[in-house]
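Peer 1: Quick one: structure below, then a few questions.
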């Protein structure tokens, strides 16, 4: 019987300097089980006595050198499952870092072992399974080598770990039914990673440059020896739910109670395609949005948190490759246009919930294409009419790491008689040239009739109209140098009721540049990497009138410990054509031209410690006046079962136009207690003394069976002025149960 092939020997120093991406990719043969596996973290089965895959190579801190600790990995299959086992040797097992056991824990701040599976062997998309020494579980769905990472994707899988004298061990059981895979072929892409947190070290089985990560599937190894026929992708899961809640709005006289139910259904039509249906979905268990102070003229972006919309969301993404987040302390959403933003479905502009009657989603691979299609229907709510929403996305891979695709989206009011609709359609391509040069282009056009336009976006007149947007960028993200050049144009009549955008009728020119030198003298002082960088944004309208410009210049110091410090200055210019309000207690800022240049100091300490801190201090100008803004967060993690954070943001601002000043403070407290990896309670509490508002959201979650939950959620909003206003309160009990056929 064939044994696993051991990974290549560690590179010689000269080879390491040439870059680990140029090294041969390792291969591994999955063993066929001759005896059943008992998933208990004890590696005593015959399958784990064979020669292992080893030879992990560092990406951090010393790219190209062998990992400081040995790691042995085995892969086997049988009984409809894929099994992964690992022995993670450690010379100092008493110093393993474990500070979280909740589902979807943050593996960046503790010791962890991860595997990524490229089940279609397209070197772009895959599934990630992660655990830590306490046996916690994190799973993710990856699209386009990490351009979209869906951390809310959930699969049925098991993992057990064990502490041993010289480290820790892992056993994973991943049913083939839990993941989509190619209809034929015995070969997948695969890679493993290990994080040794006390060293701030990351190592990979198939070496990856430090500029990237495990999601760089074009650099993954190869897994062969899989069964030619396997039970994968053909399954039927029905998940009904029952919900009971009682609600009293803030200031309301009484509670209203209701009982409701619905269901989700997942059907694996083929090994590559899955159909999801939902009837009367409810998202009462979703964590409340965290309030933030907004000092801009635009609405704030709040991410999607609803599980139905997050699954396979990467298929609907249109845009370029985001810069590696280690170069940004605060990664930003595309501020100009996120073409498909599912939060527009079922939530009104002011954040109210709009009932969703039902919907369907088809996602996967067929005939050489990656396909995504979704249709949803919403109901009326307090003057906002219900609508039918739809999106269809198709992508086809080109060459080794490129693609071409198209997208079509629509919204149509259910009671508009065809007089209230919006259609968006277009195409995109992402091409990777040699030397890691990425070119991204998309073009979108829109047709619309009836009212449209978001708050802050140029209002669209009644009647039929059309518009367009085009964006092109070219960039490179390497260990030392990164850059991106981009151009974007959006016509005034472009309308996208399924996207996120902040303005229309503009051209934008964008430059992003930085270097990441590493000096031995700095490392001896505790600084691993120095990152001087700049971003330049320039907007004008289609008549060549300047609308805005912004230059971000900063230097970031990344510490050996994992902490960071950044000093920056952000000179900017904004032209305002209509008044807007920074704070409802003062008059609006009038139309005109404004220039200001604040300085900021941001950073954080080692997040794996019992106590850690994050801060951001801004001093200088703001619009027509001055500001002093401080954000400070303290995190406390005394054990892997309990964690808490206290954050305060305070802004003191004085303006000349209008002649006014205001102070705004927000207090935020988060806590989590995990009884075990399947039962935990989370709390979010916020207090705004300026408006005397106290909000709390407490969620208890018990995963009582695979993909089956019991939620108990308490929400409260209290006005603290002492005027006797009854607080708004709600209590929700929700039970789901996944039935597999």
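In the numbering used here, the protein residues as written are 364 to 1104. We put the beta carbon where it would ideally sit given N, CA and C, even for glycine. The model shown is predicted, which means the values in this text are computed figures rather than measured ones.
Quick check on the DSSP output: what are the complete beta strand (DSSP E) runs of length 3 or more inside the stretch 895-959, in order along the chain?
Peer 2: Qualifying beta strand (DSSP E) stretches, in chain order: 909-922, 927-932, 935-939 and 955-959.
Peer 1: Under the three-state reduction of DSSP, which class applies to residue 885: helix, strand or coil?
Peer 2: helix
Peer 1: Express the C-alpha separation of residue 451 and residue 432 in angstroms, rounding to a whole number.
Peer 2: 8 Å
Peer 1: Compare the beta carbon distance of residue 703 and residue 754 with 8 Å and say whether it is the shorter of the two.
Peer 2: yes
Peer 1: Where DSSP assigns a beta bridge to residue 993, which residues make up the other side?
Peer 2: 980 and 1013
Peer 1: On the criterion of 16 or more Cβ atoms from any shown chain inside 10 Å, does residue 412 qualify as buried, or is it exposed?
Peer 2: exposed
Peer 1: With a threshold of 7 Å on Cβ separation, who are the neighbours of residue 872 within its own chain once the five nearest residues in sequence on each side are excluded?
Peer 2: 850 and 901
Peer 1: Taking buried to mean at least 16 other C-beta atoms within 10 Å of its own C-beta, is residue 827 buried or exposed?
Peer 2: Under the 10 Å beta carbon count, residue 827 is surrounded by fewer than 16 other beta carbons and is classified as exposed.
Peer 1: Using the Cα positions of residue 613 and residue 1090, report the straight-line distance between them to the nearest angstrom.
Peer 2: C-alpha separation (whole angstroms): 5 Å.
Peer 1: Which residue from 811, 423, 526 and 586 puts its Cα closest to that of residue 447?
Peer 2: Of the candidates 811, 423, 526 and 586, the one whose C-alpha sits nearest the C-alpha of residue 447 is 586.
Peer 1: Which of the three DSSP states is assigned to residue 840 in this structure?
Peer 2: DSSP places residue 840 in strand when its eight states are reduced to three.
Peer 1: Under the assumption that residue 470 contacts residue 436 (Cβ atoms under 8 Å), give the Cβ distance between them as a whole number of angstroms.
Peer 2: Not really, about 17 Å apart at Cβ, beyond 8 Å.
Peer 1: Please name the residue, chosen from 783, 1017 and 557, that lies closest to residue 748 on a Cα-to-Cα basis.
Peer 2: The closest CA to that of residue 748, considering only 783, 1017 and 557, is found on 783.
Peer 1: Using 10 angstroms around the beta-carbon of residue 947, count the other beta-carbons present and answer buried if the total reaches 16, otherwise exposed.
Peer 2: exposed
Peer 1: Per the contact definition of three or more C-beta pairs closer than 8 Å, is the stretch 993-1002 in contact with the stretch 943-962?
Peer 2: Result no; under three Cβ-Cβ pairs closer than 8 Å.
Peer 1: For the stretch 603-623 against the stretch 1094-1103, do three or more pairs of beta-carbon atoms, one drawn from each stretch, fall closer than 8 Å, so that the two count as touching?
Peer 2: In the pairwise beta carbon analysis, the stretch 603-623 is classified as touching the stretch 1094-1103: at least three pairs are separated by under 8 Å.
Peer 1: Hey, how far is the Cα of residue 581 from the Cα of residue 762?
Peer 2: 11 Å
Peer 1: What are the residues that DSSP puts in a beta bridge with residue 1054?
Peer 2: Partner(s): none; residue 1054 has no beta bridge.
Peer 1: Among residues of its own chain, excluding the 5 on either side of residue 578, which ones have a beta-carbon nearer than 8 Å to its beta-carbon?
Peer 2: 479, 489, 491, 505, 508, 509 and 512
Peer 1: Just to confirm the assignment, what range does the alpha helix (DSSP H) spanning residue 670 have?
Peer 2: 670-673
Peer 1: Can you tell which of 636, 862 and 774 has the C-alpha that lies nearest to the C-alpha of residue 727?
Peer 2: 636
Peer 1: Looking only at DSSP bridge pairs, what is residue 492 linked to?
Peer 2: 478 and 502
Peer 1: Within the same chain, show all residues whose beta-carbon is closer than 6 Å to that of residue 640, passing over the 5 residues directly before and after it, in chain order.
Peer 2: 628 and 723
Peer 1: What does DSSP give as the partner residues of residue 845 in its beta bridges?
Peer 2: 840 and 877
Peer 1: Considering only DSSP beta bridges, list what residue 1045 is partnered with.
Peer 2: 1035 and 1062
Peer 1: To the nearest angstrom, how far is it from the Cα of residue 790 to the Cα of residue 829?
Peer 2: 17 Å
Peer 1: Is it the case that the Cβ atoms of residue 970 and residue 936 are separated by a distance below 8 Å?
Peer 2: no
Peer 1: Compute the distance between the beta-carbons of residue 766 and residue 758, then report whether it is under 8 Å.
Peer 2: yes
Peer 1: How far does the beta strand (DSSP E) with residue 623 in it extend, from its first residue to its last?
Peer 2: 619-631
Peer 1: Looking at the structure shown, is residue 1094 part of a helix, part of a strand, or coil, going by DSSP?
Peer 2: strand
Peer 1: Report the three-state DSSP secondary structure of residue 858 (helix, strand or coil).
Peer 2: coil
Peer 1: According to the Cβ coordinates, are residue 1005 and residue 861 closer than 8 Å?
Peer 2: Contact flag unset, no.
Peer 1: On a CA-only basis, which of 769, 760 and 744 is nearest residue 777? Give me that one, please.
Peer 2: 744
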